[in-house]
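Undergrad: Under our numbering, the first residue of the sequence shown carries the number 4, and numbering increases by one thereafter.
Using N, Cα and C, we set each Cβ at its ideal position, and we do this for glycine too.
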Amino acid sequence: MTFPRIAIACVLLAAILPLSGFRKASYKTADEIMGELKTRQAVNSEVDLIKMVIVDEGGNTQVREMLSAVKPDKDGNLRYLIRFLAPDDISGVALLTKEKGGDESEQYFYLPALGQARQITGSQKNTPFMGSDFTFDDLRKENTNEFQYYRLLDEELEGREVYVIMSAPANVDIKNRQDYASRLLYIDKEDYNILRVEFYAEGEREPYKTFNGYDYNSSEVDGMTERPRRATMNNHLNNTTSIMTVLKARLNKDVPEEVFTVESLQTQDASNEALLEILDEPHTDDSNKS
4 MTFPRIAIAC
14 VLLAAILPLS
24 GFRKASYKTA
34 DEIMGELKTR
44 QAVNSEVDLI
54 KMVIVDEGGN
64 TQVREMLSAV
74 KPDKDGNLRY
84 LIRFLAPDDI
94 SGVALLTKEK
104 GGDESEQYFY
114 LPALGQARQI
124 TGSQKNTPFM
134 GSDFTFDDLR
144 KENTNEFQYY
154 RLLDEELEGR
164 EVYVIMSAPA
174 NVDIKNRQDY
184 ASRLLYIDKE
194 DYNILRVEFY
204 AEGEREPYKT
214 FNGYDYNSSE
224 VDGMTERPRR
234 ATMNNHLNNT
244 TSIMTVLKAR
254 LNKDVPEEVF
264 TVESLQTQDA
274 SNEALLEILD
284 EPHTDDSNKS
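1. By the DSSP assignment, the alpha helix (DSSP H) with Ala-33 in it spans what residues?
2. Apart from the five residues on each side of it in sequence, which residues of its chain come closer than 7 Å, Cβ to Cβ, to Asp-283?
3. Could you have a look at His-286 and say whether DSSP puts it in helix, strand or coil?
4. Taking contact to mean at least 3 C-beta pairs separated by less than 8 Å, is the region 73-80 in contact with the region 232-245?
5. Check this for me: beta carbons of Met-37 and Tyr-152, under 8 Å apart or not?
6. Do Ala-97 and Tyr-113 have their beta-carbon atoms positioned less than 8 Å apart in this structure?
7. Do Arg-121 and Leu-160 have their CB atoms nearer than 8 Å?
8. Take Ser-267 and list the residues in its own chain whose beta-carbon comes closer than 6 Å to its own, dropping the five residues that flank it on each side.
9. Check whether the Cβ of Lys-144 lies closer than 8 Å to any Cβ atom in chain C.
10. Between Phe-132 and Ile-85, what straight-line distance do the alpha-carbon atoms span, to the nearest angstrom?
11. Within the same chain, show all residues whose beta-carbon is closer than 8 Å to that of Lys-41, passing over the 5 residues directly before and after it, in chain order.
12. Does the distance from the C-beta atom of Ala-173 to that of Phe-139 stay below 8 Å?
13. Helix, strand or coil for Lys-74, going by three-state DSSP, please let me know.
14. Do Tyr-166 and Asp-157 count as a contact pair if the criterion is CB distance below 8 Å?
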């Protein structure tokens, strides 16, 4: 019995390949990439002092300063607090976000002039936050339970090899509250830092909004190798830009639980003092470790 030549060639190739320099490449799925990103960004707590600059179409600017705090609850669900310190006319304005597990979350917005916090629901979450190009939802960390991810062809961005991940809302409820139909995430292959996010409306081929993250390895920001020191959000429809710069940050510090209560939004002095004291603590060499 004789074998066809092609069969003989296949047998020889199978025998030779293990002896050569070829190895089976490990292909990471979109979910695996996003899981690695989430793991690397995980911390026990984070406190930041941030400067926000809003640039309108005519080049006019508004400068704001705010405190930001993040900490998971006992079940691992993240809580976020953002409170403005300056200028005086918006001092005390605050946003509290509480993840409830899965794709559920609660958000509360506090205006000192009203004297009480009001809950943000549904499509209100995709409205501009305090006149900036960031929405209420943009100010949260990526919740992988809320989206479906698809890996596209890898690319190069500003000299870095990047994964390109398409993200779409996982269900109708989330889709109805977003101001976009899909996003493209550009993730550094080496460090898993998000370098760019493009936001697309339904049926459009060009993004209407683009996020860029910079200075991930800044020595000025408490070991924040997995966090950008500077981030920009460009709204291409309005020709406006919002820039966030981290002035100071501390990770894995003991942030009081009461900071993340709705009641604390109205009693801001104690919360502000606690967070500012944390920011004055010395740097921690392993502050980016969870």
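TA: Put simply:
1. Per DSSP, Ala-33 is one residue of the alpha helix (DSSP H) stretching across 33-44.
2. Closer than 7 Å at the Cβ level, and outside the excluded window around Asp-283, lies no residue.
3. In the structure shown, His-286 adopts coil according to DSSP, grouped into three states.
4. As far as the Cβ criterion goes, the region 73-80 does not touch the region 232-245, which means the pair count is below three.
5. Going by C-beta atoms, Met-37 is nearer than 8 Å to Tyr-152.
6. One thing to note: Tyr-113 has its Cβ within 8 Å of the Cβ of Ala-97.
7. In this structure, Leu-160 does not lie closer than 8 Å to Arg-121 by Cβ.
8. Close CB contacts of Ser-267 within its chain, under the 6 Å cut and outside five residues either way in sequence, are with Glu-261 and Ser-274 (chain order).
9. The structure shown contains no chain C; it is built from a single protein chain.
10. About 11 Å.
11. Taking Lys-41 as the centre and dropping the five residues before and after it, the same chain places the C-beta of Glu-145 and Thr-147 closer than 8 Å to its C-beta, in chain order.
12. Against a cut-off of 8 Å, the Cβ pair of Phe-139 and Ala-173 comes out as no contact.
13. The three-state reading of DSSP puts Lys-74 in strand, counting E and B together.
14. For the pair Asp-157 and Tyr-166, the CB atoms are nearer than the 8 Å cut-off.
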